[in-house]
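Residue numbers (the working numbering): 7 to 413.
Quick reminder that beta carbons are idealized off the backbone N, C-alpha and C, glycines included.
From a predicted model like this one, the values you see are computed outputs, not experimental measurements.
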Amino acid sequence: MKHWKKLSHSEQDKIITSALQKNINYQDFIPLGIPVSKLDPYVFSEQASFLKDAPLLRTYIQNPNHIGCHTLGESEPFFAGTQQLEREVIELLSVDVFNAEDGSCDGYIATGGTEANIQAAWIYRNYFMQEFDASLQEIALLSSADTHYSVYKAANLLSIRSISVDVDNTTRCIVPHLLNDDIIQAKGEGIKYFIVIANLATTMFGSVDDPNLYAELLERNGVQYKIHIDGAFGGFIYPISNPDNNCNFSNKAVSSITLDAHKMLQAPYGTGILIIRKGLMQFACTKEAKYVNGMDTTLSGSRSGANAVAVWMILFTYGPHGWFEKINKLLYRTQWLCSQLDSKNITYFRHPNMNIISISANYISSALASKYGLVPDTHTERTHWYKIVVMDHVEIDYLQKFIKELP
Ligand SMILES: *Cc1c(COP(=O)(O)O)cnc(C)c1O
Numbered sequence: 007m008k009h010w011k012k013l014s015h016s017e018q019d020k021i022i023t024s025a026l027q028k029n030i031n032y033q034d035f036i037p038l039g040i041p042v043s044k045l046d047p048y049v050f051s052e053q054a055s056f057l058k059d060a061p062l063l064r065t066y067i068q069n070p071n072h073i074g075c076h077t078l079g080e081s082e083p084f085f086a087g088t089q090q091l092e093r094e095v096i097e098l099l100s101v102d103v104f105n106a107e108d109g110s111c112d113g114y115i116a117t118g119g120t121e122a123n124i125q126a127a128w129i130y131r132n133y134f135m136q137e138f139d140a141s142l143q144e145i146a147l148l149s150s151a152d153t154h155y156s157v158y159k160a161a162n163l164l165s166i167r168s169i170s171v172d173v174d175n176t177t178r179c180i181v182p183h184l185l186n187d188d189i190i191q192a193k194g195e196g197i198k199y200f201i202v203i204a205n206l207a208t209t210m211f212g213s214v215d216d217p218n219l220y221a222e223l224l225e226r227n228g229v230q231y232k233i234h235i236d237g238a239f240g241g242f243i244y245p246i247s248n249p250d251n252n253c254n255f256s257n258k259a260v261s262s263i264t265l266d267a268h269k270m271l272q273a274p275y276g277t278g279i280l281i282i283r284k285g286l287m288q289f290a291c292t293k294e295a296k297y298v299n300g301m302d303t304t305l306s307g308s309r310s311g312a313n314a315v316a317v318w319m320i321l322f323t324y325g326p327h328g329w330f331e332k333i334n335k336l337l338y339r340t341q342w343l344c345s346q347l348d349s350k351n352i353t354y355f356r357h358p359n360m361n362i363i364s365i366s367a368n369y370i371s372s373a374l375a376s377k378y379g380l381v382p383d384t385h386t387e388r389t390h391w392y393k394i395v396v397m398d399h400v401e402i403d404y405l406q407k408f409i410k411e412l413p
């Protein structure tokens, strides 16, 4: 680990306080030209006594705007202090969690996994259009049938086709010959450029796609491609539970990764993360964003710097070992639940490195599902699977009650 370590609350407080001091101080400097300000002091008092020990809440009150991307080019100088903490989060995750070379990635904190996925697809669509003179009709988004629906939003917004590859019903793995058939068919229909969204754990099953399978078959078919990893669900779990994997920047085929701090990291909503190899963010540069210093290469526009500070605090409160222990506790509970299901001969899917269990709907009445808040694979058609996500609050004592109610 080069950057990730554990810091005490008071060490964190010192760093955040100093970062806030490097941001604009409205007592000394009144900016006339930009519409920035603290939270309305009439509503959100700066004087509340609990703020003294709460650096994140102090950040919320100062309300830094992290508009733009801070790992490349210039940024708004008014919020330089907290932008630095965001840069640290991006560098820590890219190097210590996703095996990138030092300083080789850009990134920013997006509103969520949806935005990070759309941003990646947007960048690659523009890349193919600008570098290869591709037309919209020649570009497609390629992903598995278990992929998150944000990919279809991206295809719709970007006016490109989406291609969904079937997975095996039992293993939830992409079926190689079907993928190959889909590529050949798309090629026959004029697609020359593929934007792949590979899952680093699907939302419903926790299944993981092999990016090298995509790379191999796309290369065999002689087409251009870029691979984005959607780690919105698994990005803070899988690299820890299975460190020798190919879903990171040590794999040349991987260009970018989405993470969601507001899922397993329990950060405030609005903390999706995009990490991308340097040289690519520029393809989403909006040159008309002239009033923003350094322009804007992000989809968001204005966004809260407090979200970056929240992610920074979570990472440095746990440190790598604390996080490892937490993930392993969740995996232990998941394993416990699997062995209970095994002993009852109940059909389920679980990826061995993930904390999601999808149980065949044959064993679960809809009453039981609603009593325990299980999530069905579909709300509109016949349910095949109900999933359980083993999180911090899902304790074995509670799982035991659930198990007793199963046939
Ligand atoms: C949750 C999720 C998303 C979307 O994330 P939001 O933060 O809800 O926008 C995308 N992909 C996967 C795999 C997810 O689990």
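| For W391: DSSP bridge partner residues | S366
| query | Between which two residues does the beta strand (DSSP E) carrying R167 extend? | reply | 167–171
| request: Please go through the region 117–146 and give each complete alpha helix (DSSP H) segment of 4 or more residues, from N-terminal end onward. | output: 119–138
| Residue range of the alpha helix (DSSP H) that includes T23 | 15–28
| Reference L224; option with closest CA among I363, I190, H268, G237 | I190
| Local Cβ density within 10 Å of N313, reported as buried at 16 or more and exposed below that | buried
| Within this structure, are the beta carbons of S256 and N105 separated by less than 8 Å? | yes
| request: Go ahead and label Q68 buried or exposed: buried means 16 or more other beta carbons lie within 10 angstroms of its beta carbon, across all protein chains shown. | output: buried
| query | Does at least one heavy atom of ligand 1 sit under 7 Å from the Cβ of T384? | reply | no
| field | Inter-residue Cα distance where the pair is L380 and F355 | value | 15 Å
| query | Can you pull the DSSP bridge partners for N71? | reply | S310
| field | Straight-line Cα distance separating I124 from G212 | value | 21 Å
| With 16 other CB atoms within 10 Å as the buried threshold, where does T23 fall? | exposed
| Closest by CA to L219, which one among I197, A238, Y199, H183? | H183
| Start-end ranges of the beta strand (DSSP E) lying completely within the region 256–335, minimum 3 residues | 260–266, 278–283
| message | Could you check if N205 belongs to the surroundings of ligand 1, using beta carbon to heavy atom distance under 7 Å? | response | yes
| Nearest neighbour of N132, chosen from C253, Y244, T292 [CA to CA] | T292
| query | Tell me which same chain residues have a C-beta within less than 7 Å of the C-beta of I166, skipping the five on either side of it? | reply | R131, L142, I145, A146, L147
| Taking the alpha-carbon positions, what's the H327 to Y48 distance? | 42 Å
| Run through DSSP, which three-state label would V214 get? | strand
| Nearest to Q406 (by Cα), restricted to the options G119, G285, S55, R339 | R339
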